[in-house]
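> Taking UniProt numbering, the leading residue of the sequence shown gets 1, the next gets one more, and so forth.
Positions of the beta carbon are idealized from the N, C-alpha and C atoms, including for glycine.
Sharing a structure here in structure tokens format.
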Amino acid sequence: MSASVTPVPLCLSATGPLSGRVRVPGDKSISHRALMLGALAVGETVIDGLLEGEDVHATAAAMRAMGAQAERSAEGRWHVQGVGVGGLLQPQGALDMGNSGTSTRLLAGLVASHAIRATFVGDASLSKRPMQRIITPLSQMGARFSGNGDRLPMTVDGASPALPIEYRLPVASAQVKSAVLLAGLNTPGITRVIESVPTRDHSERMLRGFGAQVTVETLPDGARRISVQGEAELKPQQITVPGDISSAAFPLVAALVVPGSEVVIENVGLNPTRTGILDALAMLGLEVAIESRSEAGGEPVGVLRVRHALLKGGEVDPAIAPLMIDEYPILMVAAAFAEGKTVMRGLEELRVKESDRLAVMAAGLVACGVPIEELEDGIVIQGSGGAPVPGGATVASHLDHRIAMSFAVLGLNAKAPVVVDDARPISTSFPDFLPLMARLGALPR
């Protein structure tokens with residue numbers, strides 16, 4: 001997040017229907033992985049469409065601190081000169097992760113199998129987030145962790161050689177899966193991760209693209225076992241990062257809840273492990289039109305067209321939670337305007353994100369006059385039937401970018417202004433959020 005310590009309040013309004021064609025920033029998950037794997041390849045990796053957010057800049061800075069070169073050209077293209085698997089160097093200072101949990105967990109995996117020591121620090125929000133989920137498997141591989149229990153600041157002493165393991169994820173998590181697979185790149189033998197529920201597969205796709213030997217098999221119980229052959233040799237790549245569907249969800253829902261709106265969002269990544277938001281909206285009666293399907297960097301992409309519509313309340317299948325955990329806050333906003341009650345369960349993971357997103361969204365919705373019932377693992381929302389919600393509240397973002405953007409969208413169809421107490425966190429994932437929304441007709445009050 002920005003180094004500024006002065007909160008920047010935000011209140012958006014729509015004086016009429018939203019309309020226009022826009023592109024959202026590059027996918028954050030893919031951007032992180034492109035920088036990391038480019039730094040482990042031998043030669044130059046070129047990346048187009050990299051997300052220019054603070055989280056991704058934290059990853060780039062960390063890779064530079066460990067010996068790689070990662071620079072942006074005047075044309076907006078990123079060039080990464082890698083050091084090769086096993087070639088990471090001892091960083092001279094702490095690695096500042098800012099607000100990025102993805103950077104922290106995945107980079108800890110890289111460090112875990114290199115003979116180096118790295119200390120990870122972060123902002124106040126990140127420093128509250130638990131790291132035990134990566135500490136457990138990476139410790140089994142031989143890495144040693146010290147510092148502040150399972151919170152940042154955290155020091156990782158990598159093992160060389162590390163030990164290959166087979167690790168079954170106790171909770172579905174693409175970040176934990178990726179941390180173990182990345183550690184496996186510099187580990188002799190085969191490292192395996194078993195996931196009972198499929199999670200986003202950007203790591204597997206990109207590892208293959210860089211030349212790593214990765215296999216995925218389905219076990220008799222339906223679980224997936226992902227294996228990576230260690231002591232890999234990665235080859236540099238030319239990568240085009242598709243637009244982030246997690247970011248696209250905000251203008252998408254904005255068009256959905258503002259009467260008369262029609263918005264087109266171009267170049268959106270449609271990886272089937274990431275499109276849970278589209279599936280959830282379909283469960284509530286909205287089929288988002290997908291046009292002009294193609295492929296970029298091994299990832300499916302397409303154009304989304306969404307019009308204002310009245311959702312029908314219902315139950316969102318908890319099985320899709322791993323495919324859209326980051327999109328639940330904005331889905332809750334959509335549900336606030338639905339006809340009838342919407343039930344969302346299986347959301348325990350929301351309690352350990354940048355904030356306790358379940359509690360924070362529940363409190364904010366209540367403050368804005370939306371009837372809800374908070375559950376231990378979810379929420380029940382009574383929709384307005386398409387009518388404006390009462391609004392008239394200042395909502396605490398808790399330094400969480402997705403909370404800030406979600407309530408900014410809620411305020412577009414509210415009787416009284418909805419003020420987000422601090423918009424600064426938005427720059428971590430969507431630095432062009434305000435200009436993009438302004439182009440569609442949503443302007444600051």
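1) Where does T428 sit, in a helix, a strand or coil, going by DSSP?
2) Decide yes or no for the touch test of the region 88 to 106 against the region 233 to 251: beta carbon pairs closer than 8 Å, at least 3 of them.
3) For N267, does the count of other Cβ atoms within 10 angstroms reach 16, so buried, or fall short, so exposed?
4) Would a C-beta distance cut-off of 7 Å place V216 and V228 closer than the cut-off?
5) Which word fits G385, buried or exposed, when buried means at least 16 other C-beta atoms lie within 10 angstroms of its C-beta?
6) Skipping 5 residues on each side, what residues in its chain have a beta carbon closer than 6 Å to that of A289?
7) Is it the case that the region 60 to 70 contacts the region 19 to 36, given that we only count it when at least three CB pairs across the two stretches are under 8 Å?
8) Kindly indicate which residue of A61, I381, I325 has the alpha-carbon position closest to the one of residue 446.
9) How big is the Cα-Cα spacing for E204 and I239?
10) Taking the alpha helix (DSSP H) that H401 belongs to, which residues open and close that run?
11) Got a sec, what are the start and stop residues for the beta strand (DSSP E) K415 sits in?
12) Which residues bound the alpha helix (DSSP H) around I277?
13) Tell me whether the region 308 to 327 and the region 271 to 289 touch, counting them as touching only if at least three CB pairs, one residue from each stretch, are closer than 8 Å.
14) When the Cα atoms are used, what is the spatial distance from F145 to S406?
15) Please return the same chain residues whose Cβ sits closer than 6 Å to the Cβ of T342, not counting the five positions on each side in sequence.
16) What are the partner residues of S227, as DSSP defines its beta bridges?
17) Determine the DSSP secondary structure at Q238, reduced to helix, strand or coil.
18) What distance in whole Å lies between the Cβ atoms of K177 and V156, which are believed to be in contact at a cut-off of 8 Å?
19) For A362, tell me which candidate among L182, M332, L286 has the shortest Cα-Cα distance.
20) Which residues does DSSP list as the beta-bridge partners of S31?
21) Below 8 Å on the Cβ atoms is my contact criterion, and I expect S13 with G411 to pass it. Report the Cβ-Cβ distance as a whole number of Å.
22) Whole angstroms is fine: what's the gap from D317's alpha carbon to G189's?
23) Taking 7 Å as the cut-off, decide whether the C-beta atoms of G391 and V409 are in contact.
24) Pull up the CB-CB distance for Y167 and Q140, whole angstroms please, since I reckon it's below 8 Å.
25) Mapping DSSP to helix, strand and coil, what is G378?
26) How long is the line joining the alpha carbons of R224 and G211, rounded to whole angstroms?
27) Provide the residue(s) that pair with N148 in DSSP beta bridges, ordered along the chain.
28) Checking 7 Å against the spacing of the C-beta atoms, do R200 and A174 come in under that value?
29) From the DSSP output, read off the bridge partner residues of S13.
30) Apply the 10 Å Cβ neighbour rule to S100 and answer buried if 16 or more other Cβ atoms are within range, or exposed otherwise.
31) For I265 and E295, I'd like the C-alpha separation in whole angstroms.
32) What's the call for T218, buried or exposed, on a 16-neighbour Cβ count within 10 Å?
33) Is DSSP giving M206 helix, strand or coil here?
34) Distance, Cα to Cα, N413 vs V420?
35) What does the alpha-carbon distance come out to for the pair A39 and G184?
36) Does DSSP put H308 in a helix, a strand or coil?
Inspection of the coordinates gives the following:
1) helix
2) no
3) buried
4) no
5) exposed
6) R305
7) yes
8) Here the chain comprises residues numbered 1 to 445, so residue 446 is not present and cannot be evaluated.
9) 15 Å
10) 401 to 410
11) 414 to 420
12) 276 to 283
13) yes
14) 36 Å
15) G313, A335, I381
16) R192, T215
17) strand
18) About 18 Å; that fails the 8 Å criterion.
19) M332
20) S31 is not bridged to any residue.
21) 7 Å
22) 39 Å
23) no
24) 7 Å
25) strand
26) 21 Å
27) R151
28) yes
29) L443
30) buried
31) 16 Å
32) exposed
33) helix
34) 15 Å
35) 16 Å
36) coil
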